[in-house]
Amino acid sequence: MEKVVEEVRETVNSNTRPSVKDTSSVYNVKDLNLWYGDNHALKSVDMNIPEKTVTAIIGPSGCGKSTFLKTLNRMVEMTPIVRTTGDIHYREQNIFDTKYKVEELRTRVGMVFQKPNPFSKSIFENVAYGPRIHGIKDKKTLEQIVEKSLKGAAIWEEVKDRLHDNAYGLSGGQQQRICIARCLAIEPDVILMDEPTSALDPISTLKVEELIQDLKQKYSIIIVTHNMQQAARVSDFTAFFLHGELIEMDKTDKLFSTPLDSRTDDYITGRFG
Numbered sequence: 031m032e033k034v035v036e037e038v039r040e041t042v043n044s045n046t047r048p049s050v051k052d053t054s055s056v057y058n059v060k061d062l063n064l065w066y067g068d069n070h071a072l073k074s075v076d077m078n079i080p081e082k083t084v085t086a087i088i089g090p091s092g093c094g095k096s097t098f099l100k101t102l103n104r105m106v107e108m109t110p111i112v113r114t115t116g117d118i119h120y121r122e123q124n125i126f127d128t129k130y131k132v133e134e135l136r137t138r139v140g141m142v143f144q145k146p147n148p149f150s151k152s153i154f155e156n157v158a159y160g161p162r163i164h165g166i167k168d169k170k171t172l173e174q175i176v177e178k179s180l181k182g183a184a185i186w187e188e189v190k191d192r193l194h195d196n197a198y199g200l201s202g203g204q205q206q207r208i209c210i211a212r213c214l215a216i217e218p219d220v221i222l223m224d225e226p227t228s229a230l231d232p233i234s235t236l237k238v239e240e241l242i243q244d245l246k247q248k249y250s251i252i253i254v255t256h257n258m259q260q261a262a263r264v265s266d267f268t269a270f271f272l273h274g275e276l277i278e279m280d281k282t283d284k285l286f287s288t289p290l291d292s293r294t295d296d297y298i299t300g301r302f303g
């Protein structure tokens with residue numbers, strides 16, 4: 031474990047990270063609490079998420095990472111026993127405002143899940159699905175969107191000659207990049223990623239990580255990961271959750287090298303988790 035920690039800290043120290051002061055926020059979270067029935071899953075979370083950066087969320091299983099992520103586009107509300115208090119402002123709009131349409135939020139805030147979940151359709155139809163739902167019918171326009179999205183997901187060269195093949199025929203890593211292309215096709219502002227490489231092999235994982243670095247030039251990316259080396263490689267900022275609380279958030283290099291809270295250091299060094 032000491033070797034792993036040393037590798038993580040060498041990784042973050044070798045990268046140049048933006049300063050918090052140099053970025054504006056895409057999300058401002060204030061006193062967020064969430065319950066699943068009687069289970070208090072998120073506790074008084076205060077957090078600002080910088081735009082056009084990669085923010086990693088780390089912590090042990092069951093600490094609220096994925097719950098927090100799914101709260102950012104209100105997907106968590108698909109569980110009927112969920113109750114929330116507090117505010118989440120996305121681009122200065124409170125997403126819990128009854129006038130804020132959840133469909134609009136989920137168009138602006140896309141999501142990529144832990145396991146690749148392509149539709150049982152052709153590669154083309156997978157990527158064209160969102161634009162079709164939003165009323166785009168013109169064939170040429172759809173073709174342009176699909177090509178642009180597949181290029182944005184760094185998979186165009188691999189699939190351009192098989193667009194009408196079923197997406198299930200692709201490898202797991204390719205399927206995940208198709209899902210990312212499907213997300214890009216609706217032109218989101220934010221991309222949420224819930225352990226997007228946990229089901230992938232090392233080569234596919236590397237391709238997705240390289241893609242994340244390219245995507246942050248245009249999008250704000252928030253990624254949940256159990257892999258601390260991955261957080262060190264891809265993120266600019268890291269937030270550590272424990273028992274539903276945000277323990278601390280800082281630039282990734284600072285949080286991994288000199289955390290302010292002893293619980294963060296205990297988790298990073300493998301004393302628990």
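Residues 31 to 303 (the numbering used here) are what the sequence shown spells out, left to right.
Glycine included, every Cβ here is placed at the ideal spot set by N, Cα and C.
By a C-beta neighbour count over all protein chains shown, 10 Å radius and 16 as the cutoff for buried, is residue 290 buried or exposed?
-> exposed
Give every residue of the same chain whose Cβ lies closer than 8 Å to the Cβ of residue 311, excluding the five residues on either side of it in the sequence, and list them in chain order.
-> A query on residue 311 cannot be resolved here, the shown segment of the chain reaching from 31 to 303 and no further.
Name the residue from 213, 84, 287, 107 whose alpha carbon lies nearest to the alpha carbon of residue 242.
-> 84
Through-space distance from residue 125 to residue 115, alpha-carbon basis | 12 Å
Contacts around residue 138, its chain only, beta-carbon distance under 7 Å, and the 5 residues preceding and following it disregarded | 218, 219, 220
Return helix, strand or coil for residue 290, following the three-state DSSP convention.
-> coil
Beta-carbon contacts of residue 64 that lie in its chain and below 6 Å, excluding the five residues immediately before and after | 71, 72, 114
Using a Cβ-Cβ cut-off of 7 Å (strictly less than) and excluding sequence neighbours within five positions of residue 245, which residues of its own chain qualify?
-> 221, 251
Can you name the start and end residues of the beta strand (DSSP E) that residue 55 belongs to?
-> 55–66
Taking the C-alpha atoms as reference points, what is the distance between residue 295 and residue 279?
-> 13 Å
In this structure, does DSSP put residue 275 in helix, strand or coil?
-> strand
Same chain only: Cβ atoms within 7 Å of residue 181, ignoring 5 sequence neighbours per side = none
From residue 189 to residue 161, what distance separates their C-alpha atoms?
-> 20 Å
Could you have a look at residue 73 and say whether DSSP puts it in helix, strand or coil?
-> strand
Mapping DSSP to helix, strand and coil, what is residue 285?
-> helix
Proximal residues to residue 301 (C-beta, below 7 Å), its chain only, five neighbours per side dropped = none
Hey, how far is the Cα of residue 259 from the Cα of residue 110?
-> 35 Å
By how many angstroms is the C-alpha of residue 74 removed from the C-alpha of residue 147?
-> 32 Å
With a CB to CB cut of under 7 Å and the five nearest residues on each side skipped, what residues in its chain are close to residue 195?
-> 152, 153
Please list, in chain order, all residues of the same chain as residue 123 whose beta carbon is under 7 Å from its beta carbon, the five residues on each side excluded.
-> 130
How long is the line joining the alpha carbons of residue 176 and residue 128, rounded to whole angstroms?
-> 34 Å
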